[in-house]
Structures are given as C-alpha cells and as structure tokens.
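Asker: Quick note on full-length UniProt numbering: the sequence shown kicks off at 1 and runs consecutively.
Glycine included, each C-beta is placed from N, C-alpha and C at the ideal position.
Remember, predicted model here, so these are calculated numbers, not experimental data.
Structure below; questions to follow.
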Amino acid sequence: MKKRIVVNLKSEELPRSWYNIKADLPFKMDPPLNPATNEVIEPKDMMAIFPKSIVEQEMSEERFIPIPEPVLDEYVVFRPSPLIRATFLEEYLNTPARIYYKYEGNSPTGSHKTNTAIAQAYYNKADGVTELTTETGAGQWGSALSYAGRKFGLSVRVFMVRNSYQSKPMRQHMMKMFNGTVEPSPGENTESGRKFLEDRKNFSGSLGMAISEAIEIVLNSTTKKYSLGSVLDHVLLHQTIIGLEVEKQLEMLGEKPSSILGCHGGGSNFGGTILPFVKRRLDGEDIEFVACEPESCPTLSKGEYRYDSGDTAGFTPLLKMYTLGRDFVPPAIHAGGLRYHGAAPLVSRLVKEGIVTPEALPQDETFKAGLLFATTEGIVPAPESTHAIAGAVRRAIEARENRQEKVIVFTLSGNGALDLSSYTSTIEAHKDVLNFDNLRESSVVER
Numbered sequence: 001m002k003k004r005i006v007v008n009l010k011s012e013e014l015p016r017s018w019y020n021i022k023a024d025l026p027f028k029m030d031p032p033l034n035p036a037t038n039e040v041i042e043p044k045d046m047m048a049i050f051p052k053s054i055v056e057q058e059m060s061e062e063r064f065i066p067i068p069e070p071v072l073d074e075y076v077v078f079r080p081s082p083l084i085r086a087t088f089l090e091e092y093l094n095t096p097a098r099i100y101y102k103y104e105g106n107s108p109t110g111s112h113k114t115n116t117a118i119a120q121a122y123y124n125k126a127d128g129v130t131e132l133t134t135e136t137g138a139g140q141w142g143s144a145l146s147y148a149g150r151k152f153g154l155s156v157r158v159f160m161v162r163n164s165y166q167s168k169p170m171r172q173h174m175m176k177m178f179n180g181t182v183e184p185s186p187g188e189n190t191e192s193g194r195k196f197l198e199d200r201k202n203f204s205g206s207l208g209m210a211i212s213e214a215i216e217i218v219l220n221s222t223t224k225k226y227s228l229g230s231v232l233d234h235v236l237l238h239q240t241i242i243g244l245e246v247e248k249q250l251e252m253l254g255e256k257p258s259s260i261l262g263c264h265g266g267g268s269n270f271g272g273t274i275l276p277f278v279k280r281r282l283d284g285e286d287i288e289f290v291a292c293e294p295e296s297c298p299t300l301s302k303g304e305y306r307y308d309s310g311d312t313a314g315f316t317p318l319l320k321m322y323t324l325g326r327d328f329v330p331p332a333i334h335a336g337g338l339r340y341h342g343a344a345p346l347v348s349r350l351v352k353e354g355i356v357t358p359e360a361l362p363q364d365e366t367f368k369a370g371l372l373f374a375t376t377e378g379i380v381p382a383p384e385s386t387h388a389i390a391g392a393v394r395r396a397i398e399a400r401e402n403r404q405e406k407v408i409v410f411t412l413s414g415n416g417a418l419d420l421s422s423y424t425s426t427i428e429a430h431k432d433v434l435n436f437d438n439l440r441e442s443s444v445v446e447r
C-alpha cells in the first residue's frame, strides 16, 4: 500500500495568536483615505462602517494579536487543517518536485473564509452589534458569515453577485440554513442597486456593486455594521492562521518551501498563506510567492497601483492597491470569488516591492488542472482554488524539465462540492478538458 503523507497538528498546537506582518515590514504602508476629503481617514470615520475592535485591529502594528478564547473554541471544530503531500499528482506529472497542499475545505462551510468570519462575528457581538451586512461573490463568504453569525447570535444580510446567485442555488440554501438572508446584487432594494440596474451591462453584477449595496444599508442605520471577507488588513490578519500552521507542519517534515502559491481575488487566502513566510524572504531565504489570478480579471498583473475605492459607488475608504478601476465589470467566469477589481493593500505593496509575483492564468488551464487534481487526489476543488493548482502544475513541470527537486506548497482554499454546476457547464462547453495528457506532457507555459 502506498504511503500517504498527511501532517495533522493536534488541537493544542493551534496557534494562539494571529501574525501581523506590518510589525516586520521594512516600509510603512500607505494609509487609507477618507473618500469625501482625500485626507488620511480617522478611526471614528471607519467606525461608521466597522465596530471599534475591528478598526483597532485594522490599524494595529503589534506583531502578534492574541486569538480570543471563544474564537479558539470555534476554530477547533475544523482547525488545525491538514497539510497533504500530493503524491498522486506528482506521479502523474512525473516530477521530482514535492507538492504539498494546505486543505481548507473541511471547514463548516467548505472554505478558508470561516477563519475570519468567526473572528469578525465575535468582535461585532462583543461590541454590541446585532446585525451584519456583507457581499459575496461565489457564496463562500456569505455562507461563512451566516454560519458565524448564527454561532454568535447575529443577523446576517448578504448581497450576492447576481451571476453567482443564479448559478449557485446551493450556496443560497446554505446561507438560509444558518439563518442568513440573501438577495441578488445589483437589486431593487437599495438606491445603489437600482442605479446600477439602469445600465444593463451591470446586470450580472460584481463584487464592487455588492459591497456598495451592503455598505449603503449600514450608512443608513445606527445599529448595523458591515463585514468584509477579503482585502483589508484585519481580514488577512485572521487568515494568517493558515500560514502559521503551514510553518509548523513543514518544520515537522524538515521541508523548506521553494514556492508558495495561492489563488488571488481580493487577497485573503493568499495573504494568509504567505504573510508568515515573508519575513524569512526579507531575511534572505529564497522563497517564491505566487499570486494566481484569472486572466479575465488580472488585477495584480495588469491593474494600476494607485488609490481607489473598494466598491463601485465609492462608499469605502480609498485604498492604495492594484486596481482595474472601481467601474470594472469582469466577465462571468466560473471562479466567481476571484471577480474583484482591487487587491489587498498588503499584497499589492508586496507585488510593488517585487516580493510577490502575480501570475494570470486562462480559465481552460485552471479548469483542466482542477479536474486533474480531483481525479488524482480525490478532492473536487473550488473553482477559485484551481488557479493555485494550475500554478503548482506549471512549477512541477518546470522542475521536471530542469531536473530540480523543488518543494511546492499551495493552499487549496476550498472544496467544490457546491460548485458542480460550474464544472458541468465548463465540461459541456469544452469537451477536451477531460484529456489531461497534453497538460502532463506540455512544456512550461511562458510566464
């Protein structure tokens, strides 16, 4: 019988603090600006949208921020998550590279999003908030926040990008199961939504539009707060639980990573994976960080590095980031969670400094890599995660051609159990996707 390498940490080995990269960066981050004045935003202005404790975390430069005990109590339901060696994929690709993936798909709602949803629900509840509004692309974040809201006694209202709302009904059912309410965006229930719908090209929606609708509700209320699933510093902070666990697991194996990859939309899963390793890169260790994004929404690859709003209507603070422009409406690709015009300021700055490498991948390649992974490793990956798999496959083939031993690590950010409709439609459109031979034998794709 083949030996399967799976590294499982014990619950008592769960990290007790999140890691804040800002304490170790050799540069200062550009501050968010008030959209009304273009001046550095004051904490009290951010508290119109977020609770006080979340604003404090957003602005903190403390190296480690303790994880509250009630959050740890919820984490142990699904954390620590396993680090698995992809031996069947390695064999198929005939590569000398060792490929490991951090599997976040065993969380209650099937993705990494639960890591920050639980934390944000806890802090909002502790600050006296009773209702949260949010947006969701493919539905992972809306599901995660609905679950966390139910755990901590919060009402959750979700604006779901209309394209995904129509194509992913199971995600709607999951949100409703956890007592969340969900509606398509853009929609008729907000002034922003009605304005967006005046132009039919906006009908399929975007994350930027859904954010605008969610924030509009908060700005017109004194009792509700907004919760964001990606982009901002506090979200990436909570997600560092992923990278901190990976560090421990690789040390147990005696492995040093050559490349660390993650899919990239807003930056939460990617940032959470790499940030605990960035200081090692700054101290001279040779580690490649690769943000794998879709060609159809190449924020880091082709966006401009400048201040821009995180939402289409311009309600959010202005952030210094790579952006395709807040009015950008991406095509309705199968990976709905990666359809965002902007990127996390932390990830953006690391790209600007040459520490992170963005890589835009075509949908056919990512989809084929996802089916290959499902066939070899036995897990159907979320469509977003297939981008990281495709990036890892590229590097495994490169290692084979160069006859190099490499250690390739990527985060499998979620499972695709509720995304089978995306797979079905793509298979019907591209009958050749089930033929993996050209992927195994291909030369390295030009990057």
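Which term fits Ser-11, buried or exposed, when burial requires 16 or more other beta carbons within 10 angstroms of its beta carbon?
Answerer: Exposed.
Asker: Check whether the Cβ atoms of Tyr-103 and Thr-376 lie closer than 7 angstroms to each other.
Answerer: It is not a contact, given that the beta carbons lie outside the stated cut-off.
Asker: In the segment 210-290, which residue ranges form an unbroken beta strand (DSSP E) of at least 3 residues, counting only runs that do not cross its ends?
Answerer: You should have 224-226, 259-263.
Asker: For a quick check, are the C-beta atoms of Leu-261 and Cys-297 less than 7 angstroms apart?
Answerer: Result no, Cβ atoms of Leu-261 and Cys-297 do not sit closer than 7 angstroms.
Asker: When the distance is taken between beta carbons, is Ala-369 closer than 7 angstroms to Val-393?
Answerer: Taking 7 angstroms as the Cβ cut-off, Val-393 and Ala-369 qualify as a contacting pair.
Asker: In this structure, how does DSSP classify Gly-208 when only helix, strand and coil are distinguished?
Answerer: Helix, per DSSP.
Asker: With 16 other CB atoms within 10 Å as the buried threshold, where does Glu-61 fall?
Answerer: When all chains shown are included, Glu-61 counts as exposed.
Asker: Between the alpha carbons of Val-356 and Glu-304, how many angstroms are there, rounded?
Answerer: Near 16 angstroms, if we compare the C-alpha coordinates of Glu-304 and Val-356.
Asker: Hey, quick one: how far does the alpha helix (DSSP H) through Tyr-122 stretch, first residue to last?
Answerer: It spans 114-126 - the alpha helix (DSSP H) in which Tyr-122 sits, taken as one unbroken run.
Asker: Between which two residues does the alpha helix (DSSP H) harbouring Ser-146 extend?
Answerer: Per DSSP, Ser-146 belongs to the alpha helix (DSSP H) from 140-152.
Asker: Name the DSSP beta bridge partners of Thr-357, please?
Answerer: Answer is Val-290.
Asker: DSSP three-state label for Ile-65, please.
Answerer: Reduced to three states, the DSSP call for Ile-65 is strand.
Asker: Distance check for His-238 and Ala-119, CA to CA, integer angstroms please.
Answerer: Roughly 7 angstroms separates the two Cα atoms.
Asker: Quick check: what's the CA-CA separation for Gly-106 versus Gly-414?
Answerer: Checking the displayed sequence, the identity of residue 106 turns out to be Asn instead of Gly. In a straight line, the C-alpha of Asn-106 is about 8 angstroms away from that of Gly-414.
Asker: Is the Cβ-Cβ distance between Ser-17 and Ile-65 less than 7 angstroms?
Answerer: Yes, these two residues count as a Cβ contact at 7 angstroms.
Asker: Which residue comes first and which comes last in the beta strand (DSSP E) that contains Lys-320?
Answerer: Residues 318-323.
Asker: Output the boundary residues of the alpha helix (DSSP H) element that contains Arg-4.
Answerer: Per DSSP, Arg-4 belongs to no alpha helix (DSSP H) and is neither H nor E.
Asker: Taking the alpha-carbon positions, what's the Leu-244 to Ile-99 distance?
Answerer: Distance between the alpha carbons of Leu-244 and Ile-99 is about 18 angstroms.
Asker: Who are the near neighbours of Glu-353 in its chain, counting only those whose CB is closer than 8 angstroms to its CB and skipping five residues on each side?
Answerer: Answer for Glu-353: Phe-27, listed in chain order.
Asker: If I measure Cβ to Cβ from Glu-216 and keep anything under 8 angstroms in the same chain, skipping five residues before and after, which residues do I get?
Answerer: Cβ neighbours of Glu-216 beyond the five flanking positions: Thr-190, Glu-191, Ser-192, Ala-313, Phe-315.
Asker: Ala-144 and Thr-87 look like a contact to me (Cβ under 8 angstroms); what is the Cβ gap, rounded to whole Å?
Answerer: The pair is not a contact, with the Cβ atoms about 30 angstroms apart (cut-off 8 angstroms).
Asker: Please determine, among Asn-163, Ala-121, Ala-214, the residue with the shortest C-alpha to C-alpha distance to Pro-70.
Answerer: The option with the nearest alpha carbon to Pro-70 is Ala-121.
Asker: Report all residues from its chain with a CB closer than 6 angstroms to the CB of Asp-30; omit the five preceding and five following residues, and keep chain order.
Answerer: The residues are Lys-320.
Asker: Alpha carbon to alpha carbon, how far is Gly-284 from Glu-13? Give it in angstroms, no decimals.
Answerer: C-alpha separation (whole angstroms): 28 angstroms.
Asker: For Met-160, report the span of its beta strand (DSSP E) as first-last.
Answerer: First-last of the beta strand (DSSP E) with Met-160: 155-161.
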